[in-house]
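Undergrad: After the structure tokens below, expect a handful of questions from me.
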Amino acid sequence: MPQPATNQPQPLYAQFGLSDAEYAKVLEIMNREPNMTELGIFSVMWSEHCSYKSTRFHLKKLPTTAPWVICGPGENAGVIDIGDGQAAIFKMESHNHPSYIEPFQGAATGVGGILRDVFTMGARPIANMNSLRFGAPSHAKTKHLVAGVVHGIGHYGNCVGVPTIGGECTFHESYNGNCLVNAMTVGLAETDKIFYSAAAGLGNPVVYVGSKTGRDGIHGATMASAEFGEDAEEKRPTVQVGDPFTEKLLIEACLELMQTDAIVAIQDMGAAGLTSSSIEMASKGGMGIEMWMDKVPCRETGMTAYEMMLSESQERMLMILKPGKEPMAKKIFDKWDLDFAVIGKLTDTGRMILKMHDKIEADLPLQPLSDEAPLYERPYKINRISEKGENLPEPADYNKTLLQMLQLPDLSSKRWIWQQYDHQVGGDTVIFPGGDASLVRIHGTEKGLAITTDCTPRYCFADPIEGGKQAVAETYRNLIATGAQPLAITNCLNFGNPQKPETMGQIVGCLEGMAQACIALDYPIVSGNVSLYNETMGTGIHPTPAIGGVGLMDNLEKRKTICPKADGETLILIGTTRGELGCSIYARDICHAPAAAPPPVDLKAERKHGEFILSVNKYITACHDISDGGLLIALAEMAMAANRGIKFEVSELRNSGTPENNSEVQKFRGSEVPIHEFLFGEDQARYIISTNLPDTILNKAETAGVPAIKLGKVEGKKLVIDDKVDISVADLKTAHEKFLPEFMGS
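Okay, structure coming up:
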């Protein structure tokens with residue numbers, strides 16, 4: 003029997019990313035065939051990027067409230083109370099697909115978009131961070147992507163005058179066809195001057211401000227909701243073009259207008275541009291909206307209503323103003339040389355009406371666009387590796403192995419990246435990139451905000467639940483290590499195709515782990531972003547739930563870095579060491595062992611040890627979280643940061659420390675943990691501190707029931723451990739700084 007032809011052209015709605023069932027729902031809502039503009043609006047609003055149709059059900063499981071949370075997820079950014087009538091406003095978002103297609107503009111506009119999310123709510127941006135993932139260095143496109151992305155981030159942030167104060171960057175072959183560019187911004191606002199997006203006021207004017215609308219970025223949200231095929235390079239027209247100098251003007255103009263009483267509601271034109279901003283504002287306020295497309299400022303001739311609504315041109319905002327405030331507002335935007343146009347009004351129809359030269363271009367009901375957006379509880383399978391990966395061999399040469407590890411792409415210095423960012427503009431950056439977390443002063447006060455971004459994708463791949471816990475816990479530790487009290491997190495959830503049960507299992511598992519950690523650490527999620535379909539030709543990325551953490555320091559005198567201050571200081575290890583090598587850098591990159599179970603995350607211990615570190619802050623001269631590479635890498639990082647040597651003998655550790663260590667916790671003392679597992683294991687909930695008062699610390703640790711042992715002394719210019727390690731700090735630095743400059747050819 004002849005088989006039916008399979009090369010039939012896709013129906014138009016399928017080309018717009020809508021499934022058969024979704025389009026049937028559109029027909030039911032409209033009670034007719036939608037025209038091209040209406041179809042485009044449905045396609046972007048119901049895209050994965052805008053509707054979160056595969057994750058909304060599971061995102062509801064995350065804890066989002068605390069006494070200090072002013073606004074959780076649902077607005078442009080999250081808001082927390084930091085005392086003295088001030089609020090920190092922050093969020094992290096992805097610009098993955100655009101950055102792979104056009105790395106400079108993709109990364110630059112990612113920074114611009116997250117800045118707008120923050121100042122839209124009335125905050126002056128004070129710091130940028132980022133989380134970057136690239137493919138294997140050997141991949142043909144990796145060097146090109148690194149160069150473009152770093153240049154784009156640096157260009158936009160430097161020009162707009164907001165310091166980029168840190169971040170993270172790792173490499174793995176799973177990102178060969180899909181780099182990840184996650185941008186985070188933190189801003190400051192007064193608690194009585196926070197602006198929201200819900201429209202209100204029948205007849206109130208709808209006002210467009212900022213740059214003119216062009217044809218760049220059309221269908222960017224749809225593109226970001228599909229995996230790449232062989233035509234990835236052809237999607238350049240869907241990548242927006244940014245102008246940081248205009249963004250700077252827009253920041254100042256908006257903040258100036260926010261000092262008046264003119265604004266009823268305000269929304270950034272981000273993904274899906276004028277479509278999402280207008281629909282979200284009107285639907286949140288239970289209003290209708292009528293817009294006059296011939297009033298939209300355009301930089302290209304002959305633009306249609308379809309193009310205007312779906313353009314993602316940058317540096318644009320939509321506002322609802324109080325009646326009669328238009329002249330005053332226009333005067334402000336004219337002063338800053340920005341477009342200002344009244345392009346519509348609020349109605350009580352509950353519908354979006356688009357008119358152009360008195361012709362109706364679109365007529366849609368608003369509530370179904372949001373309330374009836376697809377919601378899928380997709381089938382999932384959580385795969386968890388249980389094998390511990392034991393019996394990995396000891397290095398034949400510890401010196402050689404340590405130097406080799408310091409040159410690995412994931413462990414090497416990222417100075418080449420962050421030196422391209424102006425991390426000191428504004429004069430309030432207190433702790434620079436390169437440590438556990440960066441710190442920025444709250445201008446005019448002695449308070450500071452500590453900020454970090456973290457995730458360990460290899461853990462999430464091996465065990466999504468433990469990996470989700472660890473991503474949250476590591477940001478908690480990094481903030482603690484600076485002396486800050488962790489308050490809240492934002493996230494950027496990067497995964498592959500959710501229609502595959504294994505990928506959906508990674509999503510569900512990571513969210514479960516994140517939720518457990520946030521609850522146990524009293525560390526809520528206040529904002530975030532989901533980026534799915536990070537796949538190329540069917541191959542997905544490692545699950546990467548990037549976490550951005552924010553903590554408060556009430557007095558900057560309490561700040562700690564990873565640098566011991568002087569020779570003679572004693573190093574103390576806080577936490578339990580069992581020698582967890584299974585999913586470690588040592589196992590993967592030195593032993594080339596198959597993936598094994600990641601180190602378990604004891605959330606009670608994480609909180610207990612973190613609170614202890616804060617309680618003894620005044621006795622500490624330096625503090626460092628132990629993470630990738632284990633204890634030996636952490637010690638090397640402290641030695642290099644301080645340009646001081648460290649020396650200890652492992653045999654001496656058996657008779658030092660708290661009683662809890664001697665009995666149950668520190669099994670190493672009974673020689674049950676081989677030295678290479680002790681040095682390279684990635685056990686969680688651990689810190690290294692330096693102090694001039696070791697007995698005080700140990701006594702307090704014993705009272706608190708916290709595992710603690712003396713490691714050794716800060717002295718000389720070499721890292722010396724028994725007869726295993728004997729390397730000068732200068733040689734450590736040479737190895738550590740080697741990879742990126744050589745790889746990038748500079």
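Just so we're aligned, residue 3 is where the sequence shown starts under our numbering, counting upward by one.
Using N, Cα and C, we set each Cβ at its ideal position, and we do this for glycine too.
What does the alpha-carbon distance come out to for the pair D373 and P207?
TA: Spanning the two alpha carbons is a distance of roughly 25 Å.
Undergrad: Start and end of the alpha helix (DSSP H) containing L190?
TA: Unbroken run through L190 is the beta strand (DSSP E), L182 to E192; no alpha helix (DSSP H).
Undergrad: Excluding five sequence neighbours on each side, which residues of the same chain lie with their C-beta closer than 8 Å to the C-beta of Q426?
TA: Answer for Q426: P165 and F434, listed in chain order.
Undergrad: Do you know how far the Cα of I322 is from the Cα of A201?
TA: Near 6 Å, if we compare the C-alpha coordinates of I322 and A201.
Undergrad: Straight-line CA distance for V161 to L413?
TA: The amino acid at residue 161 is misidentified as Val; the sequence shows Cys. Rounded to the nearest angstrom, the two C-alpha atoms are 30 Å apart.
Undergrad: Could I get the ranges of all uninterrupted beta strand (DSSP E) runs contained in the region 695 to 729, with 3 residues as the minimum, in chain order?
TA: Segments of the beta strand (DSSP E) lying fully in the region 695 to 729: 710 to 716 and 720 to 723.
Undergrad: Grab the span of the alpha helix (DSSP H) containing S372 for me, first residue to last.
TA: Here the alpha helix (DSSP H) through S372 covers L368 to D373.
Undergrad: Restricting to Cα atoms, I'd like to know which of V71, V151, R126 and D733 is closest to N96.
TA: This sequence places Ser at residue 96; Asn is not what is there. Of the candidates V71, V151, R126 and D733, the one whose C-alpha sits nearest the C-alpha of S96 is V151.
Undergrad: For Y478, which of L634, D336, I527 and G498 has the nearest alpha-carbon?
TA: Measuring from the Cα of Y478, the nearest candidate turns out to be I527.
Undergrad: Using a 10 Å radius around the Cβ and a threshold of 16 neighbouring Cβ atoms, would you call K93 buried or exposed?
TA: Per the 10 Å Cβ criterion, buried.
Undergrad: Could you check what DSSP says for A737 in three-state terms: helix, strand or coil?
TA: Helix.
Undergrad: When the Cα of A307 is compared with those of N37, L734, V716 and I648, which residue comes out closest?
TA: The shortest C-alpha separation from A307 is found at N37.
Undergrad: Using the Cβ count rule (16 or more neighbours within 10 Å means buried), how would you classify K390?
TA: Burial call: exposed.
Undergrad: What separation, rounded to the nearest whole angstrom, lies between the Cα atoms of Q409 and T484?
TA: Each residue's Cα considered, the two are about 26 Å apart.
Undergrad: Do you know how far the Cα of W48 is from the Cα of R353?
TA: Looking at the two C-alpha atoms, the distance is approximately 17 Å.
Undergrad: N178 lies in the beta strand (DSSP E); which residues open and close that run?
TA: Element bounds for N178: n/a, residue is neither H nor E.
Undergrad: From which residue to which residue does the alpha helix (DSSP H) around P127 run?
TA: That residue, P127, is in no alpha helix (DSSP H); its beta strand (DSSP E) goes R126 to F136.
Undergrad: Residue ranges of each beta strand (DSSP E) run of no fewer than 3 residues wholly in the region 500 to 567, ordered along the chain?
TA: Correct list: 527 to 533 and 546 to 555.
Undergrad: Would you kindly report the start and end of the unbroken alpha helix (DSSP H) that includes E50?
TA: Taken as a continuous stretch (DSSP letters only), the alpha helix (DSSP H) holding E50 covers E50 to S53.
Undergrad: Take G203 as the anchor and find which of I116, M123, M260 and I291 has the nearest alpha-carbon.
TA: Looking at the Cα atoms, I291 is the closest of the given residues.
Undergrad: Taking the straight line between their C-alpha atoms, what separation do you get for D296 and D263?
TA: If you take the alpha carbons of D296 and D263, they lie about 28 Å apart.
Undergrad: Between the beta-carbon of P500 and the beta-carbon of Y378, is there less than 9 Å?
TA: Yes; because the gap between Cβ atoms is below 9 Å, this pair is in contact.
Undergrad: Roughly how many angstroms lie between the CA atoms of R118 and I253, to the nearest whole one?
TA: Rounded to the nearest angstrom, the two C-alpha atoms are 8 Å apart.
Undergrad: Please list, in chain order, all residues of the same chain as F680 whose beta carbon is under 8 Å from its beta carbon, the five residues on each side excluded.
TA: Closer than 8 Å at the Cβ level, and outside the excluded window around F680, lie T579, G581, L633, V652 and F670.
Undergrad: Is DSSP giving D591 helix, strand or coil here?
TA: D591: helix per DSSP, three-state reduction.
Undergrad: My output table needs one value for D781: the three-state DSSP class, helix, strand or coil.
TA: The structure shown does not extend to residue 781, since the chain spans only 3 to 748, so no value can be given for it.
Undergrad: State the Cα-Cα distance for the pair K567 and L404, rounded to the nearest angstrom.
TA: Roughly 24 Å separates the two Cα atoms.
Undergrad: What's the C-alpha gap between N645 and P397?
TA: Spanning the two alpha carbons is a distance of roughly 26 Å.
Undergrad: Is the separation between the beta-carbon of F682 and that of Y588 shorter than 9 Å?
TA: Yes, the Cβ-Cβ distance between F682 and Y588 is below 9 Å.
Undergrad: Quick one: give me the first and last residue of the alpha helix (DSSP H) that N98 is part of.
TA: Element bounds for N98: N98 to I103.
Undergrad: Is A517 buried or exposed, if buried means 16 or more other CB atoms sit within 10 Å of its CB?
TA: Buried, because 16 or more other Cβ atoms sit within 10 Å of the Cβ of A517.
Undergrad: Three or more C-beta pairs under 8 Å: does that hold for the region 66 to 86 against the region 126 to 133?
TA: No contact exists between the region 66 to 86 and the region 126 to 133.
Undergrad: DSSP three-state label for R318, please.
TA: R318: strand per DSSP, three-state reduction.
Undergrad: Count the other CB atoms within 10 Å of the CB of E559; is the residue buried (16 or more) or exposed (fewer)?
TA: Exposed, by the Cβ-count rule.
Undergrad: Which partner residues does K649 have in the DSSP bridge list?
TA: Its beta-bridge partners are K715 and V722.
Undergrad: With H, G and I counted as helix, E and B as strand and the rest as coil, what does DSSP make of M642?
TA: Looking at M642 - three-state DSSP - the assignment turns out to be helix.
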